[in-house]
Amino acid sequence: MSQEFELKLEPRTITGKKVNRLRKEGILPATVYGKGVGPYVVQMNAREFTDLLKQAGRTSLIKLSIPGEKPQAAFVHVLQRHPVKQDILHVDFHVVDLLIEMTVEVPILLVGESDLVKKNQAALNQILNTIEIQTLPSNVPSHIDVDISVLDSFEKTIHIRDITPPDKVTITTPEDELVVNLAQVRAEEEPTTEEEAVEPQRVGEETKSDE
């Protein structure tokens, strides 16, 4: 079960291009919506949200408190960022029903170590970075662990069917999808000795054969 985080929001009256003034004051605009909920036009402390996002990520429930409204459980649904600076400009929160299962993608975290990779005889080739699961909102994990220590030969691979999900979580990604395998590392060519070195032929110059 993921840790639950809390965030205080305030109603927002400023919209459109005028929200740039809010951002300069350290206030981040946001919208809250869901089935039968909102939308609520809100704002929050930018630094508080940034700190929370680092801990919660995109797959942790956040308890939203809005004055005059009952608390809502939500996920970060959309992050709008500045195209160059990558600063967060706007956030969409999606309110969920805690009693209804949802389908969501969570990150895949590779754990363990392959002996071949450790010996620099192979390189990891990760095909999938996320996995789709179905579960109740309160059971959404921050990530799914995949143990790569089983990759002890180039014939070994890890598919979705090889992953054991956490309790109360169902994997919905097709089981034949490849997650990770090993790629051979090209051996570095040995440096040419001085005796073996051949002087490059110049343009227009003919090579001489032994007579």
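Residue numbering for the sequence shown follows this note's numbering, beginning at 8 and increasing consecutively. Where a beta carbon is used, it is the ideal one built from N, C-alpha and C, also for glycine. All of these numbers come straight from a predicted model, not from anything done at the bench.
- Cβ-Cβ separation between V192 and L131: approximately 11 Å, too far for a contact (criterion under 8 Å).
- Counting only the Cα atoms, L189 lies some 8 Å from E162.
- Bounds of any alpha helix (DSSP H) do not take in L68, whose DSSP letter is neither H nor E.
- Within the segment 19-104, the runs of beta strand (DSSP E) at least 3 residues long that lie entirely inside it are, in chain order, 34-41, 44-52, 69-72, 79-88, 95-102.
- The beta carbon of T66 sits closer than 6 Å to the beta carbons of V113, V147, S149 from its chain, once the five residues preceding and following it are set aside; these are given in chain order.
- In the DSSP assignment, V124 falls within the alpha helix (DSSP H) that extends over 122-125.
- Excluding the 5 residues flanking it on each side, V26 has same chain C-beta neighbours closer than 6 Å at P36, in chain order.
- The segment 119-128 and the segment 86-94 do not touch, with fewer than 3 CB-CB distances between them shorter than 8 Å.
- Per DSSP, the beta-bridge partners of T177 are Q141.
- Boundaries of the beta strand (DSSP E) around N132: 129-133.
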